[in-house]
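Colleague:
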Amino acid sequence: MLDSHALVLQPLWDYLHQNHHDLLRSPLFPVVLSVTTYFVLVGIYTALDLLAPTWPSINRYRLHPDKPITWPNIWTTLGVTVYNHLFFIFPAAVAQWLWRPPTPLPPEAPSLWGFFLGILGCMVVFDFQYYLWHLLHHRVPWLYRTFHAIHHQYNQPFSLVTQYLSGWELFSVGFWATVDPILLRCHCLTTWGFMVFNVYVSTEDHCGYDFPWAMHNLVPFGLWGGAPKHDAHHQRPGTNFAPFFSHWDWLGGTNTVPTASGQSASEEPEDMEEKKD
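For what it's worth, full-length UniProt numbering labels the leading residue of the sequence shown as 1, then goes sequentially.
Listed below in structure tokens is the structure:
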């Protein structure tokens, strides 16, 4: 007899299989899914940023309520984001569409346990990869100046800073997000779930808000970094390198505990690079 958990996602998978078969098999679908998710989330957070100065019920959750997000901030970060999508993501998507075969769609859906375990596994692997990449690009001056410094031009991140990146950093993040589900042999539904969740938590990390429903407030024991810790990283760049979980920063001695003011009580001396206003 089949485990009841194995049947939970099957109706959804049957519906997608029967009604959106060609769309789901297209090599372009994961790209469209990720990009759409990102811009929807950024649009919501940007609307909150613009409303916050005159809407105290929103502004009270901002990590820096006395420093509103301005239109010049939005246009600058949006310009880099659009540039990266036009000159890096779009050509990569076209190449993938031309050279990669259509995605095979198995008739069976993943079990509910396999779906969530696969997403968790991809998050753990991605977290380790980016922690090492991030640490290296802060410790080696040439790597920092050449590739990562652009992301630290804002000491108080907001949602559009999520992809305010160099092309190399954007490529690295996209490469791991694409390859990790393949390495873990995830079902394609699990892969898409991981991509959406990855975009969600990445945007949440940079959003500049401490909402009660944010991941770091839902995951117990301080295991999740979240927006306050990533904000502290932008305040003190020698700390909090992991994108999602906290264990690598604990083990590496680079953990920083954010204070209520958005500043950080550090366990590590200041890094080699200078912060930019």
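Note that beta-carbon positions come from the ideal geometry of N, C-alpha and C, so glycine has one too.
Remember, predicted model here, so these are calculated numbers, not experimental data.
Counting Cβ pairs, one atom from each stretch, are 3 or more of them under 8 Å apart for the region 145-156 and the region 81-88?
Modeller: Contact between the region 145-156 and the region 81-88 is absent: fewer than three C-beta pairs spanning the two stretches fall below 8 Å.
Colleague: How long is the line joining the alpha carbons of Tyr144 and Phe211, rounded to whole angstroms?
Modeller: 31 Å
Colleague: To which residues does DSSP link Tyr209 through a beta bridge?
Modeller: BP columns for Tyr209 point to Arg62.
Colleague: With DSSP as the reference, identify every bridge partner of Trp224, one or two as the case may be.
Modeller: Phe245
Colleague: Indicate the three-state DSSP secondary structure (helix, strand or coil) for Gly167 in the structure shown.
Modeller: Assignment of Gly167 by DSSP, reduced to helix, strand and coil, places it in the helix class.
Colleague: Three-state secondary structure (DSSP) at Glu270?
Modeller: With a pLDDT of 41 at Glu270, under the threshold of 50, the predicted position of this residue should be treated as unreliable, and no value is reported.
Colleague: Taking all protein chains shown into account, decide if residue 278 is buried (16 or more other Cβ within 10 angstroms of its Cβ) or exposed.
Modeller: Residue 278 falls outside the range modelled here, since the chain spans only 1 to 277, and no answer is possible.
Colleague: Below 8 Å, how does it come out for the region 122-132 and the region 216-224: are there three or more Cβ pairs, yes or no?
Modeller: no
Colleague: Exposed or buried, what is Trp133 when buried is set at 16 or more other beta-carbons lying within 10 Å of its beta-carbon?
Modeller: buried
Colleague: Taking the alpha helix (DSSP H) that Ala92 falls in, what are its first and last residues?
Modeller: Phe90 to Trp99
Colleague: Suppose you measure from the CA of Pro258 to the CA of His21; what does that come to, to the nearest Å?
Modeller: Between the alpha carbons of Pro258 and His21 lies a gap of roughly 46 Å.
Colleague: Spatial neighbours of Leu48 within its chain, please: CB distance less than 6 Å, with the 5 preceding and 5 following residues excluded, ordered by chain position.
Modeller: Ile58
Colleague: With DSSP as the reference, label Pro106 as helix, strand or coil.
Modeller: coil
Colleague: What first and last residue would you give for the alpha helix (DSSP H) that runs through Trp55?
Modeller: No alpha helix (DSSP H) holds Trp55; DSSP gives it neither H nor E.
Colleague: Report yes or no: do the region 114-125 and the region 183-200 share at least 3 C-beta pairs separated by less than 8 Å?
Modeller: yes
Colleague: Flag this pair as touching only if the region 91-111 and the region 25-35 have three or more C-beta atom pairs under 8 Å; answer yes or no.
Modeller: Taking a cut-off of 8 Å for Cβ pairs, the region 91-111 and the region 25-35 touch, as three or more such pairs fall below it.
Colleague: Give me the residue from Thr254, Pro102, Pro106 and Leu63 with the minimum Cα distance to Asn155.
Modeller: Leu63
Colleague: Counting pairs of Cβ atoms below 8 Å between the region 9-19 and the region 169-178, do you hit three or more?
Modeller: no
Colleague: Within 8 Å, do at least three Cβ pairs link the region 161-169 to the region 197-217?
Modeller: yes
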